[in-house]
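Numbering (this note's numbering), first residue to last: 751 to 914.
Remarks on the structure that follows.
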């Protein structure tokens, strides 16, 4: 059951990649390709979501570096603000130093207060619900979550969004 909601923050980014909401989701069952975790990156301006599959949480730093290179190469943009919870894998010295070296402002949320990173938490829950529904409807095993989660993100990114 969701806990009591916090006040809604209506401030939104004014350009793409100005603010990225990030969270890491761990799965109880290893996927078909032996992934155990997903990093979800959510652009506050465009509502676009990227998911990165990880075998271990230790791969978070390298995968995020590759994502930054992708954004800089494909979109010619730089991330300016990074909002994440206080999960250890996204809070390590190496990770925070990498963000600081890129000139990115880090906006942490308090530990165990998921509402402070609500957009990342909401998109993960939305994608999980879509992913579970697709897997259930297709009668495919739980270990195929990596495919259904990626497909749910793909569908989300192609669905028109209405701004509040």
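Glycine included, every Cβ here is placed at the ideal spot set by N, Cα and C.
query                                                                                                                                                                    : result
Can you say whether residue 847 is buried or exposed, counting buried as having 16 or more other CB atoms within 10 angstroms of its CB?                                 : exposed
Decide if residue 869 is buried, meaning its Cβ has at least 16 other Cβ atoms within 10 Å, or exposed.                                                                  : buried
Going by Cα to Cα distance, which pick from 784, 801, 792 and 842 is closest to residue 811?                                                                             : 842
Whose C-beta lies closer than 7 Å to the C-beta of residue 773 among residues of the same chain, with five residues either side of it excluded?                          : 790, 834, 835, 867, 870, 871 and 874
What does residue 772 pair with, by DSSP beta-bridge criteria?                                                                                                           : 791 and 834
With distances taken from CA atoms, which of 911, 897 and 912 is nearest residue 801?                                                                                    : 897
DSSP three-state call for residue 827: helix, strand or coil?                                                                                                            : coil
In chain order, what residues of the same chain have a beta carbon less than 8 Å from the beta carbon of residue 780, not counting five sequence neighbours either side? : 786 and 893
When the cut-off is 8 Å and only beta carbons count, does residue 888 lie next to chain C?                                                                               : The structure shown contains no chain C; it holds only a single protein chain.
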